[in-house]
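These protein sequence lines are chains A and B, in that order. Position one of the first sequence corresponds to residue 1 (the numbering used here), numbered consecutively onward. Position one of the second sequence corresponds to residue 718 (the numbering used here), numbered consecutively onward. All residues carry an ideal CB built from backbone N, CA and C; glycine is no exception. This report refers to the structure that appears directly beneath it.
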Amino acid sequence: MAETYQEGSGAGADFDLSQFYQIFFEEAGENLDQMEQMLLDLDLSSANDEELNGIFRCAHSIKGGSATFGFSDVAELTHQMESLLDRLRRHELQPIPQMVDVLLESADASRSLLARHQAGGQGEAVSTTSLVRRISELAAGLVPGDAPAVAPPPPPAAPAPTPATQAAAPAPAPKVVTPAVAGQARTLEIQIGPLDRLEQADAIKELFRDIPGLGAIRDIESPQANTRSFAVETTSTNDDLLDLFAFHVAKEQVLIRDAAAPASGAAADEDEETVLAAGAPGGEAYGFFSEAPGAPRADAPHAAQAPAQAVKVAAAPKASEPKVAMQAQMESTTIRVDVKKVDQLINLVGELVITQAMLAQNSRGLDAGAYQQLLAGLADLDRNTRDLQESVMSIRMIPMSIVFSRFPRMLRDLANKLGKKVELVTLGEATELDKGLVEKITDPLTHLVRNSCDHGIEMPADRLAKGKSEHGTITLSASHQGGSIVIEVRDDGRGLSREKILSKAQERGIEVSEQMSDAEVWQLIFAPGFSTADEVTDVSGRGVGMDVVKRNIAALNGSVEIDSAEGYGMKVSVRLPLTLAIMDGMSVGVSDEVYILPLSSVVESFQVNADDVSTVAQGSQLVKVRDEYMPVIALEKIFQVPRFDPNKSSNIMVVVEADGSRVALLVDELLGQHQVVVKNLESNYRKVPNVSGATILGDGTVALILDTGGLVRRARH
Amino acid sequence: MQSILAVDDSPSMRKMVSFTLTGAGYHVVEAVDGQDALEKAESHNIDLVLADQNMPRLDGIGLTRKLRENPKFKTIPILILTTESSDQMKQAGRTAGATGWLVKPFDPNRLIEVIQKVIR
Numbered sequence: 001m002a003e004t005y006q007e008g009s010g011a012g013a014d015f016d017l018s019q020f021y022q023i024f025f026e027e028a029g030e031n032l033d034q035m036e037q038m039l040l041d042l043d044l045s046s047a048n049d050e051e052l053n054g055i056f057r058c059a060h061s062i063k064g065g066s067a068t069f070g071f072s073d074v075a076e077l078t079h080q081m082e083s084l085l086d087r088l089r090r091h092e093l094q095p096i097p098q099m100v101d102v103l104l105e106s107a108d109a110s111r112s113l114l115a116r117h118q119a120g121g122q123g124e125a126v127s128t129t130s131l132v133r134r135i136s137e138l139a140a141g142l143v144p145g146d147a148p149a150v151a152p153p154p155p156p157a158a159p160a161p162t163p164a165t166q167a168a169a170p171a172p173a174p175k176v177v178t179p180a181v182a183g184q185a186r187t188l189e190i191q192i193g194p195l196d197r198l199e200q201a202d203a204i205k206e207l208f209r210d211i212p213g214l215g216a217i218r219d220i221e222s223p224q225a226n227t228r229s230f231a232v233e234t235t236s237t238n239d240d241l242l243d244l245f246a247f248h249v250a251k252e253q254v255l256i257r258d259a260a261a262p263a264s265g266a267a268a269d270e271d272e273e274t275v276l277a278a279g280a281p282g283g284e285a286y287g288f289f290s291e292a293p294g295a296p297r298a299d300a301p302h303a304a305q306a307p308a309q310a311v312k313v314a315a316a317p318k319a320s321e322p323k324v325a326m327q328a329q330m331e332s333t334t335i336r337v338d339v340k341k342v343d344q345l346i347n348l349v350g351e352l353v354i355t356q357a358m359l360a361q362n363s364r365g366l367d368a369g370a371y372q373q374l375l376a377g378l379a380d381l382d383r384n385t386r387d388l389q390e391s392v393m394s395i396r397m398i399p400m401s402i403v404f405s406r407f408p409r410m411l412r413d414l415a416n417k418l419g420k421k422v423e424l425v426t427l428g429e430a431t432e433l434d435k436g437l438v439e440k441i442t443d444p445l446t447h448l449v450r451n452s453c454d455h456g457i458e459m460p461a462d463r464l465a466k467g468k469s470e471h472g473t474i475t476l477s478a479s480h481q482g483g484s485i486v487i488e489v490r491d492d493g494r495g496l497s498r499e500k501i502l503s504k505a506q507e508r509g510i511e512v513s514e515q516m517s518d519a520e521v522w523q524l525i526f527a528p529g530f531s532t533a534d535e536v537t538d539v540s541g542r543g544v545g546m547d548v549v550k551r552n553i554a555a556l557n558g559s560v561e562i563d564s565a566e567g568y569g570m571k572v573s574v575r576l577p578l579t580l581a582i583m584d585g586m587s588v589g590v591s592d593e594v595y596i597l598p599l600s601s602v603v604e605s606f607q608v609n610a611d612d613v614s615t616v617a618q619g620s621q622l623v624k625v626r627d628e629y630m631p632v633i634a635l636e637k638i639f640q641v642p643r644f645d646p647n648k649s650s651n652i653m654v655v656v657e658a659d660g661s662r663v664a665l666l667v668d669e670l671l672g673q674h675q676v677v678v679k680n681l682e683s684n685y686r687k688v689p690n691v692s693g694a695t696i697l698g699d700g701t702v703a704l705i706l707d708t709g710g711l712v713r714r715a716r717h
Numbered sequence: 718m719q720s721i722l723a724v725d726d727s728p729s730m731r732k733m734v735s736f737t738l739t740g741a742g743y744h745v746v747e748a749v750d751g752q753d754a755l756e757k758a759e760s761h762n763i764d765l766v767l768a769d770q771n772m773p774r775l776d777g778i779g780l781t782r783k784l785r786e787n788p789k790f791k792t793i794p795i796l797i798l799t800t801e802s803s804d805q806m807k808q809a810g811r812t813a814g815a816t817g818w819l820v821k822p823f824d825p826n827r828l829i830e831v832i833q834k835v836i837r
């Protein structure tokens, strides 16, 4: 039924649902993320209703959407998940780790099915048959390879509810059908009274609230004034209920009646439930309640009849109302915007900043008295532009929690695979970072976390033998430090072994000496193809790794540092600029050209004496700075800057550091430090060696931003 | 133009419903859950409420119950969208004062058809 759509005769319009696909994909993705997070946070021994309801609602939403938009494979799988979760939230089953496992796997499968639909059905569809089977087994109370484990409801139920599916092997791929009604729920009508005070019966309602699994209760109209009546759904026997009620009211005051199926109209004073105008064959696609306000009827003699029933029921317990969900609140205060639009905005603001800088520069020579108003206006413009730039940049800022949230799941799977016990601690999740950086930092961070789990954390037995706790801890933290963000991956595992790294480096033909400082030794692991893992595991240790991490982070104008104590663990700190779109730069002049150096890589600058420079083989030069020799790079030669005055030559050097090495750049003058808006040269022109981008200066000229990493590598060869 | 309050926590369902009804000539006010719907119902002139059952904060039946407490909404049609048309659900909807129900998933044409039956 669920999958067949009856063509209505209504508007007769042909609706193209595909226009809602994108929004559904995004929404389903969010729901899956949220569900995964909640599943991981779930404490199986004390799962509360709110959590279980939240997880259920995620599966429910995805199911509803995918069925509506015609993605039946997703609908089928999520329907199974929903059924299992429904039994969990009704406390008919006790949550067990296998359920969390299968739900997580199903979430992954749903994600991949959705991705396939999003790509227009391209690629191999994952098979969900075995997942569907496993879920339905669990939902039937069967633990795979174990005895049936139906959680007994807290008040001893008479005959344990035996799910019908338990006997017969579940069909491999059940159709989307209405969820099987759980257990042997009965609908009862319970009348309490006569009572001195009607409030006395509230205690009965509280019983249902306080005892999970007892069932549901709600007020209904009572036939007698001094009595209260309730409609109750429960799996407990009458005797059990009476025993429970006896704490609050005398048994003689309780009258329990079996209400037949509600559809057939149980209560004496109730109208028969009639379904009017159910259009579909089978009559279940929609329906109206007779006598209900607003319901269509052939003759409407007592149209104004108010829903008397409803008014009385209004005070009914609100147990079924889920607690405040943050999701819903957030949704009403945020809007979705295409990243392209934001980037366009940022670009425009960048242009505005440049125009403003040009105006400021051109107005510098103006007489303050004669142009007072113009200058005041320009000062305002300056301030507003800055504020605008800051606000616009903040749109692109997203919290680190987006990156961190992927790790609990990854670590859980990884630790299981390796047979290790690992706890993840995350700090500073609210720290914000540019979206572009977030995307690029995810892979390197994943690598670092994998490394920590695989190489750092020891096996539980080894840890115990060393007097450590069985559980290893990996800490991920993010914080702002000045204009940078620092992300740390710390573990309390075995740490780096100086001897091992030195001997490995020697094997690889890297020059080492016993006198190297620890920091220098740790830097060796960034050498290409370096791995100290005793054996290559499935997870990491194939030798591609730290060098790639380092290169990726350097490409973001960031740096990586390692700290380690053998036997106690290690810490990798990644320092990144807050955004890629704006950079603190130092501008230097060579002849008439201006170049920008990333301030993060500038170490120092000094005026050089001819004595300190020595020429070595093939004309390359070295400069001695405080007993340290470093290569000299003349920017005029690299960029072939024309020189009109042959007698003039550079004598200022700027030392820049990248990839752990330093070079001295020979320039004519230091022009100053300022923020520059980075323009991508590749997308506007093409890749240029030794240049990472370009910017437009206050006077409207273009200046190239130098790729210090590239310059350092050039000096090495 | 008649106004319909469309209540669903799922943005895609909300958009779909809103698009369908707007196309059929109704004015649509969207709400993200029952609580939001209560506020929107107060501040807009609403002729019909179309509410999803399963929502955070306040579900469809809870919303119906609350709306019926207010004399202003005593007689307007309230339709519940649900994935299950079980007897319990119907009983709960009826007791709360709902006008009727519509089972998800539904076709946009079906939605208009049902709306046209109750809105005048």
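Based on Cα-Cα distance, which residue from L424(A), S136(A), S83(A) lies nearest to D491(A)? L424(A)
Check the Cβ-Cβ distances between A703(A) and every residue of chain B, and say whether any is below 8 Å. no
Cβ of V831(B) within 8 Å of any chain A Cβ: yes
For K752(B), is the classification buried or exposed, using 16 other Cβ atoms within 10 angstroms of its Cβ as the cut-off for buried? A small fix is needed here, since residue 752(B) is Gln in this sequence, not Lys. Flag for Q752(B) reads buried.
Which residue comes first and which comes last in the alpha helix (DSSP H) that contains Q118(A)? 97 to 118
When you compare only the Cα positions, how much space is there between E747(B) and N771(B)? 16 Å
Against chain B, does H91(A) count as a neighbour if the rule is that its beta carbon must be under 8 Å from one of theirs? no
For V392(A), which residues in the same chain have their Cβ closer than 7 Å to its Cβ, ignoring the five residues on either side in sequence? L345, I346, V349
Could you tell me the distance, in whole angstroms, from the CA atom of L104(A) to the CA atom of L142(A)? 18 Å
Amino acids of chain B, ordered along the chain, whose beta-carbon sits closer than 8 Å to that of A292(A): R811, G814, A815, T816, G817
Using only the alpha-carbon positions, how far apart do L828(B) and P822(B) sit? 10 Å
Using a Cβ-Cβ cutoff of 8 Å, what residues of the region 63 to 74 of chain A are near chain B? List them in chain order. K63, G64, G65, A67, T68, F69
Spatial distance of Q34(A) from S83(A) (CA atoms): 18 Å
Below 7 Å, is the gap between the Cβ of A415(A) and the nearest heavy atom of the ligand PLP? Among the components of this structure there are no ligands whatsoever, and the ligand PLP is therefore not found.
Which residues of the region 460 to 484 of chain A have a Cβ closer than 7 Å to any Cβ of chain B? Give them in chain order. none
Pull up the distance between the alpha-carbon of F790(B) and that of V249(A), whole angstroms please. 38 Å
Look at the Cβ atom of C453(A), then the Cβ atom of I474(A), and state whether they are nearer than 8 Å. yes
Do V691(A) and L704(A) have their C-beta atoms within less than 8 Å of each other? yes
Check whether the region 558 to 575 of chain A touches the region 438 to 450 of chain A, taking contact to mean three or more Cβ pairs, one atom from each stretch, closer than 8 Å. yes
Buried/exposed call for M806(B), threshold 16 Cβ in 10 Å: buried
Using 8 Å as the limit for Cβ to Cβ distance, is M718(B) near chain A? no
Can you tell me which of K420(A), G693(A), H91(A), Q191(A) puts its alpha carbon nearest to the alpha carbon of A461(A)? K420(A)
Does DSSP classify T812(B) as helix, strand or coil? helix
8 Å Cβ shell around G672(A) - same chain, five flanking residues per side excluded: M586, S587
Cα-Cα separation between I675(A) and I582(A), rounded to whole angstroms: Sequence inspection shows Gln at residue 675(A); the Ile mentioned does not correspond to that position. Distance between the alpha carbons of Q675(A) and I582(A): 7 Å.
Need the endpoints of the beta strand (DSSP E) that Q607(A) sits in, please. 602 to 607
Helix, strand or coil for M630(A), going by three-state DSSP, please let me know. strand
Around the C-beta of T739(B), are 16 or more other C-beta atoms found within 10 angstroms, so that it is buried, or is it exposed? exposed
Counting only the same chain and skipping the five closest in sequence on each side, list residues whose C-beta sits under 7 Å from that of V702(A). A694, I696
Would you kindly work out how many angstroms separate the C-alpha atoms of E36(A) and A47(A), rounded to a whole number? 15 Å
Beta-bridge partners of S614(A), as assigned by DSSP: L622(A)
Have a look at the DSSP bridge pairing and note the partners of Y21(A). DSSP lists no partner for Y21(A).
Local Cβ density within 10 Å of A119(A), reported as buried at 16 or more and exposed below that: exposed
For R57(A), which residues in chain B fall below 9 Å Cβ to Cβ? D726, N771, M772, P773
If you draw a straight line from the C-alpha of E429(A) to the C-alpha of M570(A), how long is it? 21 Å
In DSSP terms, what D343(A) is bridged to: Partner(s): none; D343(A) has no beta bridge.
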